[in-house]
Amino acid sequence: MQATHRLDAVFAALADPTRRAIIARLASGQASVTELAEPFAMSQPAISKHLKVLERAGLISRGREAQRRPRRLEAKRLEEADQWLERYRRLWEANYQRLDALLDDLKAKERNVP
Amino acid sequence: MKNALTITPSGDRDLVMTRVFDAPRRLVYDAHTKPELVRQWLGGLPGWSMPVCEMDVRVGGKYRWVWKSERDGTMMGMGGVYGEVKAPERLVSTEKFDEAWYPGESLNTLVLVEQGGRTTLTQTMRYESREAREAVLKSGMEEGVVASFDRLEEVLAATANANPR
Numbered sequence: 000m001q002a003t004h005r006l007d008a009v010f011a012a013l014a015d016p017t018r019r020a021i022i023a024r025l026a027s028g029q030a031s032v033t034e035l036a037e038p039f040a041m042s043q044p045a046i047s048k049h050l051k052v053l054e055r056a057g058l059i060s061r062g063r064e065a066q067r068r069p070r071r072l073e074a075k076r077l078e079e080a081d082q083w084l085e086r087y088r089r090l091w092e093a094n095y096q097r098l099d100a101l102l103d104d105l106k107a108k109e110r111n112v113p
Numbered sequence: 000m001k002n003a004l005t006i007t008p009s010g011d012r013d014l015v016m017t018r019v020f021d022a023p024r025r026l027v028y029d030a031h032t033k034p035e036l037v038r039q040w041l042g043g044l045p046g047w048s049m050p051v052c053e054m055d056v057r058v059g060g061k062y063r064w065v066w067k068s069e070r071d072g073t074m075m076g077m078g079g080v081y082g083e084v085k086a087p088e089r090l091v092s093t094e095k096f097d098e099a100w101y102p103g104e105s106l107n108t109l110v111l112v113e114q115g116g117r118t119t120l121t122q123t124m125r126y127e128s129r130e131a132r133e134a135v136l137k138s139g140m141e142e143g144v145v146a147s148f149d150r151l152e153e154v155l156a157a158t159a160n161a162n163p164r
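In structure tokens:
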């Protein structure tokens with residue numbers, strides 16, 4: 000997958016609160032589908048659907064243990080998404096921080112004009 | 000303390016940005032309507048200049064902004080028409096990029112509210128359709144990202160704690 004498409008998939012995956020909760024749970028260690036389904040009022044197939052989305056985005060992977068197939072977090076992919084976010088955020092922060100500085104200048108100039 | 004910027008989707012077609020500035024709104028309004036001030040802050044990308052910044056701020060008046068990459072000469076232009084001009088509290092304009100990647104144009108409404116010498120800026124961008132907003136979100140303001148940004152930060156913090164390097 001191309002980098003931008005991959006990020007699209009990551010962001011789409013993170014847009015859902017249940018999937019974010021699953022990610023948060025996996026951040027503290029791998030877990031089976033049954034374990035992941037526990038905190039949610041949701042059927043196992045519904046949870047599996049969410050897991051498939053996360054898997055396609057590369058955010059989680061499956062362990063090898065035959066029966067349990069525990070899911071685990073792919074932290075690197077999450078970090079990539081965060082870096083991308085940071086760029087966007089920095090762009091607007093930068094704009095508005097320059098505006099802050101400009102406004103300080105304008106205020107100072109007004110104080111000097113009687 | 001730094002003033003926080005929030006960006007959230009609203010309804011079907013809107014994106015809403017809010018930010019507080021430690022200045023009276025008269026000045027914030029000037030900074031959005033006087034070309035010599037606008038070009039001092041708007042643009043964001045390091046290594047880009049703003050060779051064109053023309054603004055005829057009156058109802059029906061046009062504006063045009065062009066940025067240029069100093070590295071490879073790439074140009075990025077956009078412009079629109081002012082629909083409402085109510086100094087120093089409200090400015091409504093259309094916005095369309097020269098090489099728009101989403102259908103139609105957006106209708107941007109800037110609202111400034113002053114309280115105790117500080118100004119709250121609210122910028123609402125209304126797109127032609129839900130699909131157009133999606134396209135914008137996908138390119139630079141992914142909806143999920145915006146909606147979940149704070150949550151994502153929490154998740155990342157949890158990840159960092161769980162996997163200390």
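In order, the protein sequences belong to chains A and B.
Numbering of the first sequence is given in numbering that gives the first Met the number 0, commencing with residue 0 and proceeding in unit increments.
Numbering of the second sequence is given in numbering that gives the first Met the number 0, commencing with residue 0 and proceeding in unit increments.
Think of the CB as a built atom: it goes at the ideal place given N, C-alpha and C, for glycine as much as any other residue.
Model, not experiment: these values are computed from the prediction.
Taking C-alpha atoms, which residue in B:126, B:21, B:92 lies nearest to residue 102 of chain B?
Out of B:126, B:21, B:92, B:126 has the C-alpha closest to the C-alpha of residue 102 of chain B.
Could you run through the stretch 23–54 of chain A and flag, in chain order, every residue whose CB is less than 8 angstroms away from some CB of chain B?
Answer set for the stretch 23–54 of chain A: 23, 26, 27, 28.
Kindly list the residues whose CB is nearer than 7 angstroms to the CB of residue 52 of chain A, restricted to its own chain and excluding five residues on each side of it in sequence; keep chain order.
Within the same chain, residue 52 of chain A has close Cβ partners 12, 18.
Give me, in chain order, the residues of the same chain whose beta-carbon lies closer than 7 angstroms to that of residue 34 of chain B; leave out the 5 immediate sequence neighbours on both sides.
Hits under 7 angstroms: 52, 53, 54.
Check whether the Cβ atoms of residue 30 of chain B and residue 106 of chain A lie closer than 9 angstroms to each other.
Going by C-beta atoms, residue 30 of chain B is not nearer than 9 angstroms to residue 106 of chain A.
For residue 70 of chain A and residue 50 of chain A, which I take to be in contact (beta-carbon distance under 8 angstroms), what is that distance rounded to the nearest angstrom?
Right, the Cβ-Cβ distance comes to about 6 angstroms (below 8 angstroms), so this counts as a contact.
Which stretch, first to last residue, makes up the beta strand (DSSP E) that contains residue 19 of chain B?
Residues 13–20.
Flag this pair as yes or no: are the beta carbons of residue 24 of chain B and residue 111 of chain B separated by less than 9 angstroms?
Yes, they are a contact pair.
In chain A, which residues lie less than 9 angstroms from residue 18 of chain B when you measure between Cβ atoms?
Per Cβ cutoff of 9 angstroms: 91, 95, 98.
Quick check: residue 36 of chain A and residue 46 of chain A, are their CB atoms within less than 9 angstroms of each other?
Their beta carbons are under 9 angstroms apart, which means residue 36 of chain A touches residue 46 of chain A by this criterion.
Using the Cβ count rule (16 or more neighbours within 10 Å means buried), how would you classify residue 143 of chain B?
Any reading at residue 143 of chain B must be qualified, since the residue scores a pLDDT of 32, below 50, and its modelled position is unreliable; no value is offered.
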